[in-house]
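Asker: In our numbering, the protein residues as written are 0 to 305. Glycine included, every Cβ here is placed at the ideal spot set by N, Cα and C. Here the structure is a predicted model, which is why all the values come from computation and not from measurement. One structure coming up, written as structure tokens, with questions to follow.
If you want it as structure tokens, here you go:
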């Protein structure tokens with residue numbers, strides 16, 4: 000885009016820099032504030048597990064306690080950002096988002112490209128318009144551009160804000176993994192990450208399609224004798240289509256994210272877990288029956304021998 004001012008790219012750079020500062024400060028403060036809460040939560044969990052051992056609620060206390068201590072230690076490492084584990088999660092989320100959008104400022108770059116092509120088309124229509132009508136025909140491409148660019152910019156902004164928000168609440172989400180009753184929060188958080196990523200993928204795809212269409216239009220424009228009214232009308236229709244596509248992208252991303260996690264819970268993996276539980280229960284029952292049989296047989300033989 001030589002000779003043009005990358006307005007959206009500069010705006011996206013400023014927005015990302017602001018969100019970067021906010022996210023870093025929020026993570027640092029949360030990791031510090033959660034220290035006391037995590038210590039209290041671990042104390043409660045240890046007391047509860049100790050009571051379960053004393054009351055005989057655990058079949059294999061040593062193994063279960065060791066596994067529970069290991070999992071809780073991993074969760075606490077993420078909550079308190081020990082050795083930068085939580086920061087690594089945030090960088091991974093940003094990397095996935097950049098991959099989905101075609102770069103750190105991929106979506107904003109596409110908006111600038113659309114702006115430049117609209118400007119080129121408006122200049123062409125102004126040159127080809129009859130005397131005194133240049134302002135009208137040159138305004139038609141900008142009308143279509145405005146119809147499509149507003150929802151496109153809103154999607155770029157909302158996906159960036161959503162990503163920053165999801166990274167910011169990451170310590171609290173990992174903290175919820177300490178308690179079985181709150182594990183659904185972690186599942187919902189992953190659901191939102193997937194929905195946001197899919198939305199970025201579809202937005203980048205639809206914007207690239209619109210860019211390719213406009214490139215073909217500009218390449219096929221005649222030097223004279225073009226139907227300016229038809230071109231302007233097609234630009235308005237293209238703006239409406241872009242707005243509609245982006246709205247569909249948002250709905251598809253939500254639906255796919257929800258279906259993916261629901262299907263995962265009802266897939267062969269979930270069935271395997273269920274079968275494993277049934278097998279374990281059957282094995283335990285068989286073991287108990289065998290013990291009862293051996294005990295009864297031993298008592299019977301002992302009575303006969305006496």
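1. Identify, in the order they occur along the chain, each residue of the same chain with its Cβ nearer than 8 Å to the Cβ of residue 172, setting aside the five sequence neighbours on each side.
2. Go to residue 191, then tell me how far its alpha helix (DSSP H) extends in each direction, as first and last residue.
3. Taking the continuous alpha helix (DSSP H) assigned at residue 140, which residues delimit it?
4. Could you pull the start and end residues of the alpha helix (DSSP H) that residue 38 belongs to?
5. Go through its chain and collect everything with a Cβ distance to residue 252's Cβ below 6 Å, but skip five positions before and after it.
6. Specify the secondary structure class of residue 121 as computed by DSSP and reduced to three states.
7. By the 10 Å Cβ neighbour count, where 16 or more other Cβ atoms means buried, how is residue 29 classified, buried or exposed?
8. Does the stretch 204-214 come close enough to the stretch 232-250 that 3 or more CB-CB pairs lie under 8 Å?
9. Buried or exposed for residue 109, going by 16 or more other Cβ atoms inside 10 Å?
10. Just how far apart, CA to CA, sit residue 124 and residue 227?
11. Three Cβ pairs or more, each shorter than 8 Å: is that satisfied between the stretch 67-87 and the stretch 34-45?
12. Since residue 169 and residue 85 are thought to touch, with beta carbons under 8 Å apart, how far apart are those beta carbons, to the nearest angstrom?
13. Since I believe residue 83 is in contact with residue 140 (beta carbons under 8 Å), could you give me their beta-carbon distance rounded to a whole number of angstroms?
14. In the DSSP assignment, the alpha helix (DSSP H) including residue 79 goes from what residue to what residue?
15. Would the stretch 37-48 count as touching the stretch 85-96 if we require 3 or more Cβ pairs under 8 Å?
16. By how many angstroms is the C-alpha of residue 143 removed from the C-alpha of residue 128?
17. Does DSSP classify residue 87 as helix, strand or coil?
18. Using CA coordinates, which residue listed in 16, 146 and 25 is at the minimum distance from residue 165?
19. Under a three-way DSSP split, which group does residue 130 fall into?
Answerer: If we stick to the structure as given:
1. Here residue 172 refers to the residue found at position 173 when the chain shown is read from its first residue. Closer than 8 Å at the Cβ level, and outside the excluded window around residue 172, lie 184, 185 and 188.
2. Position 192 of the chain shown, counting from 1, holds the residue named residue 191. Counting along the chain, the alpha helix (DSSP H) containing residue 191 begins and ends at 182-219.
3. Taking the first residue of the chain shown as 1, we reach residue 140 at position 141. Start and end: 133-167.
4. On the chain shown, position 39 is the one that residue 38 refers to. That run of the alpha helix (DSSP H) goes 6-53.
5. Sequence index remark: in the chain shown, residue 252 carries index 253 (1-based). These residues qualify, in order along the chain: 194, 197 and 198.
6. For this step, residue 121 is matched to residue 122 along the chain shown. Helix, per DSSP.
7. Translated into positions along the chain shown, residue 29 becomes position 30. Under this definition residue 29 is a buried residue.
8. Yes: the two stretches touch, three or more of their Cβ pairs being nearer than 8 Å.
9. Residue numbering aside, residue 109 sits at position 110 when the chain shown is read from its first letter. Label assigned to residue 109: buried.
10. As a position in the chain shown, residue 124 is number 125, starting the count at 1. As a position in the chain shown, residue 227 is number 228, starting the count at 1. Going by the C-alpha atoms only, they are around 6 Å apart.
11. yes
12. For the purposes of this step, residue 169 is taken as the residue at position 170 of the chain shown. For the purposes of this step, residue 85 is taken as the residue at position 86 of the chain shown. With a Cβ gap of about 6 Å, residue 169 and residue 85 count as contacting.
13. For the purposes of this step, residue 140 is taken as residue 141 along the chain shown, with counting starting at 1. For the purposes of this step, residue 83 is taken as residue 84 along the chain shown, with counting starting at 1. Not a contact, Cβ separation roughly 49 Å.
14. For the purposes of this step, residue 79 is taken as the residue at position 80 of the chain shown. No alpha helix (DSSP H) holds residue 79; DSSP gives it neither H nor E.
15. The answer is no - the stretch 85-96 does not touch the stretch 37-48, with fewer than three Cβ pairs under 8 Å.
16. As a working mapping, residue 128 is identified with position 129 in the chain shown. As a working mapping, residue 143 is identified with position 144 in the chain shown. Straight-line Cα distance between these residues: approximately 18 Å.
17. Within the chain shown, the letter at position 88 stands for residue 87. Looking at residue 87 - three-state DSSP - the assignment turns out to be helix.
18. What you label residue 165 is simply residue 166 of the chain shown in a count that begins at 1. Comparing Cα positions, the closest option is 25.
19. The residue given as residue 130 occupies position 131 in the chain shown. Reduced to three states, the DSSP call for residue 130 is coil.
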